[in-house]
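Read the structure below first, then the notes.
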Amino acid sequence: MMTTDNAQWLARQIAPYGPTRPQPQLIEELNRLYHACEAKDYDRKHAEIHKQLPGVWSDLINTAMAALPQGPIRILDYGCGTGFEAGCLLKHLPQDRVSGLTCFDLSPEMLDECRRNISPLFAAVRLTQNWREVSGETNDQNYNLVATNSLLHHLPDIWATLRQIESVIAEDAVWIAGHEPSARYYRNAECVAELDRFRGERRWRRYLTPANYWNRARALLGLRSSPAHFAARRAVEVGLFQSCPPESIVSRMVDFHVPHSEAEAAAGRGLDFKLLADELRGRWKLLYVRTYAFMGPFYEGRLPRRWRRICQELARRHPDDGANFCTVWKRDANPGPRSLEQEAPGSQTDSAD
7 MMTTDNAQWL
17 ARQIAPYGPT
27 RPQPQLIEEL
37 NRLYHACEAK
47 DYDRKHAEIH
57 KQLPGVWSDL
67 INTAMAALPQ
77 GPIRILDYGC
87 GTGFEAGCLL
97 KHLPQDRVSG
107 LTCFDLSPEM
117 LDECRRNISP
127 LFAAVRLTQN
137 WREVSGETND
147 QNYNLVATNS
157 LLHHLPDIWA
167 TLRQIESVIA
177 EDAVWIAGHE
187 PSARYYRNAE
197 CVAELDRFRG
207 ERRWRRYLTP
217 ANYWNRARAL
227 LGLRSSPAHF
237 AARRAVEVGL
247 FQSCPPESIV
257 SRMVDFHVPH
267 SEAEAAAGRG
277 LDFKLLADEL
287 RGRWKLLYVR
297 TYAFMGPFYE
307 GRLPRRWRRI
317 CQELARRHPD
327 DGANFCTVWK
337 RDANPGPRSL
347 EQEAPGSQTD
357 SAD
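So the mapping is simple: our numbering equals the position in the sequence shown, first residue as 1, plus 6.
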């Protein structure tokens, strides 16, 4: 699920900086560099996850529990990050039914944070960045509950990841996929108009905020860095680019499927749960959807009261079109003719550099 339009759009953005690897490899390596820097501050910086999503995940878990067969629950947290989704599961699931938990992530720095967060909740948790340790298990130990959160939008090839997951799960497994970006938001004219209004008002407020000028001064003096800044510098040092790309380009590559505007959504950036359900038909059945974040990238909990009311009204009128969505899926034990081994219609694994 690496759309041709999105890959070509991104190729044009990075061309001036002399990329030296195929695009999927660049995206994977930049994600490693970015999250190595971000790991220690991830939980503090992402209030939209840790303040907004616990209640949403409670609903997701209730739906998953209703779809799971009776018996032991064996969990695979794929792309576990700092352990947010594993923590939600352990707090809500009956402890006597959880027979195993594996947290997999390619970032050793994220796994260290996950270990600190999850080990007190489940001492027998296994944490690994080696997929062979996950895939080498016997069939009678297949996972029946898969959890991902804020994962799919980082992946240059979603289908390859789904094939990996399918190789180690039971035929009746359930998959909770949390916090992904929706292109539907930027295709909704009313949502975009309200976002533009908010941004215009916010620009004027920032001119009157001393902290804004302090943060800019710190950045100019090199006293304030960011994961994108770190990843851009390191990318040149390790030979991924011939010259240093700007932070904005690095952020677009790390968040490969995240749209920031109508134009980016039109270029193929962003996911759409209805299209996903269509493309996964015969492999996975969509059980539950929840969309939220009706002021785009701005966390609603920090908005002025008037704008929170506007978000609530947008959610009432356009319940499918929040800027983010969570889903619950049930694996189809009797798949139809479409196979994830075949390339999905309209998708392409692009190696353009």
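A virtual CB, placed ideally from N, CA and C, is assigned to each residue, including glycine.
Nothing here was measured: the structure is a model prediction, and the numbers come from that model.
Cβ-Cβ separation, residue j to residue i (assumed contact under 8 Å), whole Å
i	j	result
Pro30	Asp163	6 Å
Asp83	Cys109	5 Å
Gly276	Ala189	3 Å
Glu91	Gly184	6 Å
Thr88	Ala129	Not a contact, Cβ separation roughly 18 Å.
Ser232	Val242	Ser232 to Val242, Cβ: 16 Å. No contact.
Leu246	Pro25	7 Å
Three-way DSSP call (helix, strand, coil) for residue i in this model
i	result
Leu281	helix
Asn123	helix
Phe262	coil
Arg132	strand
Tyr23	helix
Tyr305	coil
Phe247	strand
Ala153	strand
Ser173	coil
Pro114	helix
Pro233	helix
Arg361	In this structure the chain extends from 7 to 359, so residue 361 is not present and cannot be described.
Ala13	helix
Ala238	helix
Ala225	Unreliable positioning characterises Ala225 in this predicted model, as indicated by a pLDDT of 48, which lies under 50. A coordinate reading is not provided.
Asp202	helix
His41	helix
Ser141	helix
His324	coil
Ala350	Confidence at Ala350 is low in this model, with a pLDDT of 42, below 50, so its placement is unreliable and the value that follows should be read with caution. In the structure shown, Ala350 sits in coil (DSSP, three-state: anything other than H, G, I, E or B).
Pro28	coil
Ser267	coil
Leu96	helix
Leu161	coil
Ala329	coil
Ala390	This structure cannot speak to residue 390, because the chain is shown only from 7 to 359.
Leu168	helix
Phe90	helix
Ala195	helix
Ala272	helix
Beta-carbon proximity of residue i to residue j, cut-off 8 Å
i	j	result
Pro78	Ser105	yes
Val256	Ala238	yes
Phe304	Ala321	no
Tyr40	Ala234	yes
Val152	Cys332	no
Asn37	Val334	no
Ala179	Arg289	no
Asn12	Gly274	yes
Leu281	Ala73	no
Ile55	Leu95	no
Ile33	Phe262	yes
Ile182	Ala70	yes
Pro265	Tyr149	no
Asn123	Gly93	yes
Asn194	Asp327	yes
His159	Glu139	no
Residues sharing a beta bridge with residue i, DSSP
i	result
Val334	Ile182 and Tyr294
Gly106	Arg80
Ser188	Leu277
Query - Sequence ranges, alpha helix (DSSP H) only - wholly within the stretch 50-87, length at least 4 - result: 53-56 and 59-73
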